[in-house]
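Residue numbers (this note's numbering): 58 to 231.
Working notes for the structure below.
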Amino acid sequence: MLPNGEAQVPWIDGVYAANEQPEAIMPPREQIHMLDEKSTRWLPEHHAQRKKKAVALISNMNPQNKRLVYVKEQAKHIDVDFYGSKWLPCPREGDTCLRTLALRFGMLQVVMGAPRDDYCALAPPNSFINVDDFSSPAELADYLHWLDTNDNAYASYFAWKAHGKVVVSPFVYY
58 MLPNGEAQVP WIDGVYAANE QPEAIMPPRE QIHMLDEKST RWLPEHHAQR
108 KKKAVALISN MNPQNKRLVY VKEQAKHIDV DFYGSKWLPC PREGDTCLRT
158 LALRFGMLQV VMGAPRDDYC ALAPPNSFIN VDDFSSPAEL ADYLHWLDTN
208 DNAYASYFAW KAHGKVVVSP FVYY
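Printed below as a string of structure tokens:
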């Protein structure tokens with residue numbers, strides 16, 4: 058929530074539902090099994106053809122969490138494509154930019170701003186990277202470079218697909 062009481066995110070794109078217990082975010086035994094999975098079969102189709110390692114989707118130019126400052130610093134250490142009103146246009150296709158780029162195209166999301174529990178409550182387990190886990194933008198960039206050279210480690214962020222799905226609406230799944 059913002060100080061004036063307005064929601065920062067007026068909608069939610071989806072929530073994770075485990076296959077075995079859809080009402081559960083992720084049963085503990087499935088979490089353990091998922092993290093043991095060492096298969097690259099979950100890599101996005103475009104994985105081998107991608108040219109850039111990072112994409113920044115920024116619509117709010119003055120966020121309180123200094124996201125833009127962080128990403129600009131990170132861009133000194135890794136190539137970043139910037140999307141938003143001041144940079145590259147976002148492919149809409151009648152959809153929100155984030156849903157189009159992240160969910161449809163299987164991008165690994167790097168998140169910043171909300172408490173970790175908020176991300177964990179909505180996103181599939183081990184499906185995102187939180188900037189709070191790194192001491193600096195340079196350290197995060199080093200990790201992203203390492204992921205780029207390690208398909209098994211990168212694929213682990215998509216292994217949740219074997220155990221559940223993101224429910225976007227009663228009729229649409231990603």
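Just so it is clear, CB atoms sit at the ideal spot from N, CA and C, and this is done for glycine as well.
Item                                                                                      : Value
Three CB pairs or more closer than 8 Å across the stretch 187-197 and the stretch 122-137 : yes
Under the three-state DSSP convention, the category GLN166 falls into                     : strand
Strand pairing of GLU112, partner residues [DSSP]                                         : The question names Glu, but residue 112 in the sequence shown is Val. DSSP output for VAL112 lists ASP138 as bridge partner(s).
Nearest residue (CA-CA) to ALA219, options ASP175, PRO182, TYR127 and LYS110              : PRO182
Euclidean distance between Cα positions of ASP189 and ARG124                              : 12 Å
C-alpha gap between GLU80 and TYR140, whole angstroms                                     : Low confidence applies to GLU80: its pLDDT is 43, below 50, so where it sits in the model is not reliable enough to give any reading.
N- and C-terminal bounds of the beta strand (DSSP E) containing ASN187                    : 185-187
Local conformation of LYS232 per DSSP, three classes                                      : As shown, the chain starts at 58 and ends at 231. That puts residue 232 outside it, with no answer to give.
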